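**Student:**
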Amino acid sequence: MNRKTIKRRDFLAKMGYGSAALVFSSRFLSSCGIGRSRPNIIFIFSDDHAYQAISAYGGRLAEVAPTPNIDRIANEGMRFDKCCVTNSICAPSRATILTGKHSHLNGVVDNSVEFDGTQQTFPKLLQQSGYQTAIIGKWHLKSDPTGFDFYQVLPGQGSYYNPDFLTSEGQIRVDGYCTDIITDKALEWLKNERDLSKPFMLMVQHKAPHREWSPALRHLTIFDDVEFPEPDNLFDDYEGRGTAANRQDMSVEKTMTLNSDLKVKPEDKDAPYYTRGYYARMNEEQRQTWDAAYDPKTETFKKANLTGKDLLSWKYQRYLQDYLGCIRAVDEGVGRILDYLDETGLAENTVLMYNSDQGFYLGEHGWFDKRFMYEESYRTPLLARWPGVIKPGSINDDLVSNLDFAQTFLDMAKVEQPADMQGLSLVPVMTGKTPRDWRTGLYYHYYEYPAVHSVRRHEGVATKRHKLIHFYDLGEWELYDLEKDPQEMKSEYENPEYADIIAELKLELQRLREVYQLPPLQPDKEKV
Ligand code: SGN
Ligand code: CA
1 MNRKTIKRRD FLAKMGYGSA ALVFSSRFLS SCGIGRSRPN IIFIFSDDHA
51 YQAISAYGGR LAEVAPTPNI DRIANEGMRF DKCCVTNSIC APSRATILTG
101 KHSHLNGVVD NSVEFDGTQQ TFPKLLQQSG YQTAIIGKWH LKSDPTGFDF
151 YQVLPGQGSY YNPDFLTSEG QIRVDGYCTD IITDKALEWL KNERDLSKPF
201 MLMVQHKAPH REWSPALRHL TIFDDVEFPE PDNLFDDYEG RGTAANRQDM
251 SVEKTMTLNS DLKVKPEDKD APYYTRGYYA RMNEEQRQTW DAAYDPKTET
301 FKKANLTGKD LLSWKYQRYL QDYLGCIRAV DEGVGRILDY LDETGLAENT
351 VLMYNSDQGF YLGEHGWFDK RFMYEESYRT PLLARWPGVI KPGSINDDLV
401 SNLDFAQTFL DMAKVEQPAD MQGLSLVPVM TGKTPRDWRT GLYYHYYEYP
451 AVHSVRRHEG VATKRHKLIH FYDLGEWELY DLEKDPQEMK SEYENPEYAD
501 IIAELKLELQ RLREVYQLPP LQPDKEKV
């Protein structure tokens with residue numbers, strides 16, 4: 001018996017099959033996805049997960065809040081350091097991923113738009129080519145999912161505790177913690193519900209760590225004794241930037257609410273804190289665990305009577321305790337899925353990608369939330385493991401985008417990439433063979449204004465080093481030199497030394513607008 005046969009026998013034994021099954025093993029193994037030329041695809045997607053909160057990316061939080069399981073994807077695969085989004089907000093990002101098109105063409109320019117589910121998407125094309133497709137978790141596109149053989153999705157933003165799910169048979173409520181349930185459902189589908197005769201594409205989409213950052217009950221106090229390093233620009237005064245950065249409404253200091261966001265419990269039992277949101281959603285037993293965790297924090301806070309910078313520092317610590325607390329369950333879930341793939345041998349022919357719908361501010365510039373083209377929300381984590389194809393431990397810094405994912409998945413599945421998709425397949429990049437003429441600039445466009453957090457509309461172009469941003473409602477431009485100023489604290493737009501670069505970037509912006517068929521800008525003047 002050669003080594004391969006022994007390996008197969010071990011594997012079959014693990015799956016509960018005796019040696020008689022060996023004769024059928026080739027067919028069986030290929031039905032599991034092993035030895036198949038078209039790989040299975042698992043896309044694990046979180047909501048608002050900042051790359052600063054993934055230890056594989058290093059940074060100030062890596063030691064205090066490690067993510068060992070997510071890091072496994074990087075260690076066994078590739079870490080992308082320049083993965084950017086087309087429009088840094090939830091529904092638009094999801095629509096771009098599904099369609100491979102910028103917001104103005106897929107229609108979802110902001111969170112208020114309903115996704116037109118009749119349009120071309122990569123799950124539909126995979127499905128037509130013989131893949132089984134499934135999505136579990138946050139969807140947030142208003143219309144029902146199309147192109148999936150199986151779906152169980154959260155309505156709207158979903159709930160952290162005892163969440164509802166929309167299924168093809170109607171709405172169900174499931175007791176427990178959302179992140180754990182989504183992982184359970186994904187594993188259940190992999191183990192018992194998928195069609196073994198087909199390759200599959202599974203999207204596992206978490207709500208966490210979205211606002212209002214509510215961790216699993218077992219994780220409510222894990223960071224109580226941790227002091228998180230502050231970013232250098234937590235106390236940013238926005239000097240050197242334009243109107244938009246100065247007038248946003250997303251600061252840890254002013255926008256974050258003491259009760260809902262920071263979990264300081266109000267004394268008035270009729271307060272909204274108790275009657276709607278996560279607290280109302282919990283059952284009695286869950287509330288007891290919650291109270292045991294947050295009552296002491298509320299007491300300490302009230303006694304401390306903090307003001308000014310001390311108050312902001314406290315808010316920052318409290319915010320990160322919960323935000324990073326949410327990520328612990330996401331990381332555990334990733335570990336469970338990786339373990340399952342490894343233990344069953346399914347890993348061998350399964351690509352696993354981890355990504356978030358955009359980045360997030362963890363106190364940088366004094367902010368939370370996203371939307372801006374400034375680095376922390378513009379960049380998003382991307383990690384990919386593909387045994388035998390991606391070299392373990394590789395790091396890539398090519399300019400890539402969530403615009404590229406649809407074509408990447410199609411390319412992996414050997415399905416033709418439609419000419420009207422606007423990205424590039426990342427398969428050559430993953431194999432370490434980035435084409436010489438790979439893009440040198442990325443186009444960005446944020447539309448959701450007026451809206452929550454008051455971030456002004458803007459478009460822009462980014463190269464690896466520079467970023468030109470046009471706040472067109474305001475008639476203002478900003479330019480950043482990331483090599484000189486990685487934290488983007490000073491716009492160089494008025495600096496004559498940058499005149500040539502600005503001229504070049506304006507041409508590039510114009511070129512990209514034409515390539516991507518952008519309509520003329522529609523400033524929201526009357527709402528300024
Ligand atoms: C909610 C949040 C906002 C967040 C938007 C969009 N407020 O309105 O902080 O920016 O969602 O988020 S909350 O108090 O209701 O949590 S997105 O990820 O869906 O785009
Ligand atoms: Ca989001």
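Reminder that position 254 of the sequence shown reads as 254 in my numbering, one-by-one numbering, no gaps.
Yeah, the Cβ is synthetic: ideal placement off N, Cα and C, and Gly gets one too.
In this text the structure is predicted, and so the values were computed from the model without any measurement.
Buried or exposed for R318, going by 16 or more other Cβ atoms inside 10 Å?
**Tutor:** Counting Cβ neighbours within 10 Å, R318 comes out buried, since at least 16 surround it.
**Student:** Given a cut-off of 9 Å, decide if G366 and F471 are closer than it, judged by their beta-carbon atoms.
**Tutor:** No, the pair does not count as a contact, with Cβ atoms beyond the cut-off.
**Student:** With a threshold of 16 other CB atoms inside 10 Å of the CB of W438, please say whether the residue is buried or exposed.
**Tutor:** With fewer than 16 other Cβ atoms within 10 Å, it is exposed.
**Student:** A13: buried (16+ other C-beta within 10 angstroms of its C-beta) or exposed?
**Tutor:** For A13, the predicted structure reports a pLDDT of 36, less than 50, and the residue's modelled location is therefore unreliable. The matter cannot be settled from this model.
**Student:** Name the one or two DSSP bridge partners that T434 has.
**Tutor:** Answer by DSSP bridge pairing: none, since T434 is not bridged.
**Student:** Could you pull the start and end residues of the alpha helix (DSSP H) that K124 belongs to?
**Tutor:** Where K124 is concerned, the enclosing alpha helix (DSSP H) stretches over 122–128.
**Student:** Does V389 come out as helix, strand or coil in the three-state DSSP assignment?
**Tutor:** Looking at V389 - three-state DSSP - the assignment turns out to be coil, as it is neither helix nor strand.
**Student:** Under 9 Å, do N87 and Y323 count as touching if we go by C-beta distance?
**Tutor:** Not closer than 9 Å, so no.
**Student:** Taking contact to mean 3 or more Cβ pairs, one atom from each stretch, closer than 8 Å, check whether the stretch 88–106 and the stretch 356–363 are in contact.
**Tutor:** The stretch 88–106, when compared against the stretch 356–363, does touch it at the 8 Å Cβ threshold.
**Student:** Name, in chain order, the residues that DSSP records as bridge partners for G133.
**Tutor:** Residue identity differs from the one stated: residue 133 is Thr in this sequence, not Gly. M201, per the DSSP bridge assignment.
**Student:** Measuring from the CB of K370, is there a heavy atom of ligand 1 at a distance below 8 Å?
**Tutor:** Yes.
**Student:** Under 6 Å Cβ to Cβ from L98, same chain only, skipping five residues before and after it: list those, please.
**Tutor:** Excluding residues within five positions, the ones whose Cβ falls inside 6 Å are T121.
**Student:** Starting from the C-beta of G77, find all residues in its chain whose C-beta is less than 7 Å away, skip the five residues before and the five after it, and write them out in chain order.
**Tutor:** If we look at G77 and ignore the five residues flanking it on each side, its Cβ neighbours are L383, A384, R385, W386, I390, P392.
**Student:** Do N106 and ligand 1 come close, with the Cβ less than 8 Å from some heavy atom?
**Tutor:** No.
**Student:** Which one or two residues does DSSP pair with W477 in a beta bridge?
**Tutor:** DSSP lists H470 as partners of W477.
**Student:** Quick one: residues in its chain with C-beta nearer than 7 Å to the C-beta of R173, no 5 flanking neighbours on either side, listed in chain order?
**Tutor:** Only N162, D164 meet the Cβ criterion.
**Student:** Using the Cβ count rule (16 or more neighbours within 10 Å means buried), how would you classify A280?
**Tutor:** Burial call: exposed.
**Student:** Quick one: Cα of E514 to Cα of P520, how far?
**Tutor:** When rounded, the distance between both Cα atoms is 10 Å.
**Student:** Should V452 be listed as close to ligand 1, given that the test is whether its C-beta is under 8 Å from any heavy atom?
**Tutor:** Yes, ligand 1 has a heavy atom inside 8 Å of this Cβ.
**Student:** At the level of alpha carbons, what is the spacing between S31 and G277?
**Tutor:** Because the pLDDT of S31 is 40, which lies under 50, any placement of that residue in the model is unreliable, and the question is left without a value.
**Student:** Can you tell me which of G441, H458, G475 puts its alpha carbon nearest to the alpha carbon of E504?
**Tutor:** The option with the nearest alpha carbon to E504 is G441.
**Student:** Assign L29 to one of two classes, buried (16 or more other C-beta atoms within 10 Å of its C-beta) or exposed (fewer than that).
**Tutor:** Residue placement at L29 is flagged as unreliable, the pLDDT there being 39, under the threshold of 50; the coordinate-derived value follows with that caveat. The residue in question, L29, is buried, as its Cβ has 16 or more Cβ neighbours within 10 Å.
**Student:** Sorry if obvious, but does the Cβ on N259 come closer than 8 Å to a heavy atom of ligand 1?
**Tutor:** No; taking the cut-off as 8 Å, the Cβ of N259 has no heavy atom of ligand 1 nearer than that.
**Student:** Can you list, in chain order, the residues of its chain with a C-beta nearer than 7 Å to that of T298? Leave out the 5 residues immediately preceding and following it.
**Tutor:** Once the five neighbours on either side are set aside, the close Cβ partners of T298 are V264, K265.
**Student:** Go through its chain and collect everything with a Cβ distance to A74's Cβ below 6 Å, but skip five positions before and after it.
**Tutor:** Only A56, L383 meet the Cβ criterion.
**Student:** For E494 and V461, what's the separation of their Cα atoms in angstroms?
**Tutor:** The straight-line gap from Cα to Cα measures roughly 17 Å.
**Student:** Give the straight-line distance between the Cα atoms of V427 and T221, rounded to the nearest whole angstrom.
**Tutor:** So the two alpha carbons sit approximately 41 Å from each other.
**Student:** Roughly how many whole angstroms lie between the Cα atoms of E459 and R287?
**Tutor:** Roughly 44 Å separates the two Cα atoms.
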